[in-house]
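Residue numbers (our numbering): 403 to 522.
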């Protein structure tokens with residue numbers, strides 16, 4: 403029923419949340435020697451998540467694991483760390499805006515359903 407009411411937006415929200423956590427981890431480890439920045443291919447993950455029959459949290463985690471890869475730095479550092487802080491911050495901000503947009507859409511959909519149930 404979730405897919406019928408919310409379409410792909412529920413899964414997109416879960417994937418964006420996972421990506422925010424991953425990007426925050428990259429930012430937190432910007433000065434950790436040898437740390438390898440990771441990211442997910444959001445489009446591939448969403449495509450895979452929407453083709454699966456169920457949408458529980460374990461499925462979303464598996465989709466994220468399958469779509470995850472290491473980021474190739476534009477400027478390698480001497481200590482082996484591949485985090486480029488400006489890139490990570492930009493991607494984090496962009497993903498946060500998209501997360502909020504998806505959340506706003508879902509809130510609007512829920513409000514519409516509530517008004518319909520109340521007969522407004």
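Glycine included, C-beta positions come from ideal geometry on N, C-alpha and C.
ask   = What number of angstroms, rounded off, separates the C-alpha of residue 490 from the C-alpha of residue 428?
value = Taking the straight line joining both Cα atoms gives about 7 Å.
query = Quick one: what does DSSP say residue 409 is sitting in, helix, strand or coil?
reply = Secondary structure of residue 409 (DSSP, three-state): coil.
query = DSSP puts residue 472 in a beta bridge; with which residues?
reply = Answer by DSSP bridge pairing, in chain order: 440.
ask   = Smallest Cα separation from residue 493: which of 415, 407 and 423?
value = Taking only the C-alpha atoms, the option nearest residue 493 is 423.
message = Please report the distance separating the alpha-carbon of residue 501 from that of residue 480.
response = Taking the straight line joining both Cα atoms gives about 34 Å.
query = Does the Cβ-Cβ distance between residue 417 and residue 447 come in under 9 Å?
reply = If you check the CB distance, residue 417 and residue 447 come in under 9 Å.
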